[in-house]
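If you count by the numbering used here, then the sequence shown holds residues 768 to 1091, one letter each, in order. Every residue, glycine too, gets a C-beta built ideally from N, C-alpha and C. The structure appears right after this line, and notes come after that.
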Amino acid sequence: MKYGIYPGGRAGVTCSRESDPRRVGELVDELGGGGPFVVREYVHYLGTRPDPAVVASIGAAGEMDGLTMPDDWYVRDGRELDLVVSYIPAEAGLPGWLGFLDRVIERYAGITRYLQITLEPNFPIPLIDGSSPGVLEALIAGLPHARRALDARGHDAVRVGFSVAEPAEWLGGDDAFWQRLAGADLSAVDYVGLGLYPDAFGPPVPVEGVRAMTEHALRHLREHSLPTAGIPAGTPIHVCENGSPSLPGRDQAASLATMLAVVHELAPTLNITLYELFALRDADTAGGEPVGALGLVTAEYERKPTFDLYRRIVGAGRDAPEPG
């Protein structure tokens, strides 16, 4: 199984300071240890006339000029780029979206290993793709369009997929989403990603609960959701986002160790081939909110115990240590 991380310091609209490329480079080098390591980044489609306030709030300005680090960094020392193309326009419009995919592929395909089409289109909350008008059509049309555009430019090695949030049962579940996909052409799908935050945004959860929730999310995706859409069992699952906050009353290290242990235990059975942690750095350590405290280091790049925990797991390339 490969490992990776999102190296920036932004979580949605939360970001207390700009990234320091020198510090990012040092920390990612240490985590990767010179071996294969996946780096996750995001670009956003905000429509043909994007609202400047929304662009500023999610830090989307300049995304087509460059990512967190210089281009050549993503293809050195065993690194692979996992690039997410998020769809959050105010109005539906396939031509603009497909044109944006073409521009992203023209700009970044040469340094990309994984290209994710939309971000959690099953999750209808503000500023996540599932709340955007026309998101299902954007996903269904975007997957084969991206594959054709990549192949036409000689980038046949780039893998194409999409991601979903863990079962949104508190929103009534997501069966309707998967049923809509069942009649679509999904032949371009090389993998399906899962965003997994079982204890991040609610009350603290004991490790036994974290274990059960993690297993439920992974099994639900493989055994229920993917078959509903007709996606074959041989299609790999990527745990493309996983995190737990470091806040008073919460044990980030025990939670992450528990989730990683479950992922490792289920990887052979469920065909899980990639794990990516969210995130390297806190978006806003001082803010006191879960979304701002998901990093392995603080917003000022001070290491938490989880940095060394994850470094050891990546370096060992084997089962995560037992929690506790």
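By how many angstroms is the C-alpha of residue j removed from the C-alpha of residue i?
i: residue 831; j: residue 934; result: 32 angstroms
i: residue 1025; j: residue 928; result: 27 angstroms
i: residue 1012; j: residue 919; result: 42 angstroms
i: residue 923; j: residue 768; result: 22 angstroms
i: residue 778; j: residue 1059; result: 7 angstroms
i: residue 1020; j: residue 818; result: 39 angstroms
i: residue 1077; j: residue 821; result: 33 angstroms
i: residue 842; j: residue 958; result: 21 angstroms
i: residue 973; j: residue 961; result: 22 angstroms
i: residue 870; j: residue 996; result: 29 angstroms
i: residue 840; j: residue 939; result: 42 angstroms
i: residue 1071; j: residue 774; result: 15 angstroms
i: residue 951; j: residue 781; result: 35 angstroms
i: residue 861; j: residue 826; result: 23 angstroms
i: residue 946; j: residue 790; result: 44 angstroms
i: residue 1015; j: residue 917; result: 46 angstroms
i: residue 1022; j: residue 1006; result: 15 angstroms
Spatial neighbours of residue i within its chain, please: CB distance less than 7 angstroms, with the 5 preceding and 5 following residues excluded, ordered by chain position.
i: residue 864; result: 812, 854, 905 and 909
i: residue 912; result: 865 and 868
i: residue 896; result: 853, 854, 855, 885, 886, 887, 888 and 902
i: residue 1085; result: Bear in mind that the predicted position of residue 1085 carries a pLDDT of just 43, short of 50, making it too unreliable to give a figure here.
i: residue 899; result: 854, 855 and 856
I need the DSSP call for residue i, collapsed to helix, strand or coil.
i: residue 848; result: strand
i: residue 922; result: coil
i: residue 1067; result: coil
i: residue 816; result: coil
i: residue 780; result: coil
i: residue 930; result: strand
i: residue 804; result: strand
i: residue 1039; result: strand
i: residue 843; result: coil
i: residue 972; result: coil
i: residue 964; result: coil
i: residue 809; result: strand
i: residue 894; result: coil
i: residue 885; result: coil
i: residue 853; result: strand
i: residue 956; result: coil
i: residue 1017; result: coil
i: residue 1061; result: coil
i: residue 982; result: helix
Could you round the C-beta distance between residue i and residue j to whole angstroms and report it? I think they count as a contact, below 8 angstroms.
i: residue 890; j: residue 932; result: 4 angstroms
i: residue 852; j: residue 884; result: 6 angstroms
i: residue 834; j: residue 1047; result: With 8 angstroms as the limit, residue 834 and residue 1047 do not qualify as a contact, their Cβ atoms being about 13 angstroms apart.
Can you give me the Cβ contacts of residue i inside the same chain, cut-off strictly under 8 angstroms, excluding the 5 residues immediately before and after it?
i: residue 989; result: 1000, 1004, 1037 and 1038
i: residue 801; result: 844 and 845
i: residue 1002; result: 956, 957, 958, 959, 993 and 1038
i: residue 771; result: 804, 805, 806, 807, 847, 849, 1041, 1042, 1043 and 1044
i: residue 792; result: 836 and 840
For residue i, collect the residues of the same chain with a Cβ closer than 6 angstroms to its Cβ; drop the 5 residues on either side in sequence, then sort them by chain order.
i: residue 941; result: 889 and 935
i: residue 981; result: 965, 1026 and 1029
i: residue 783; result: 1051 and 1066
i: residue 788; result: 836
i: residue 949; result: 996 and 997
i: residue 968; result: 1057
When you compare the segment 839-853 with the segment 876-892, are there three or more beta-carbon pairs, one atom per stretch, that lie closer than 8 angstroms? yes
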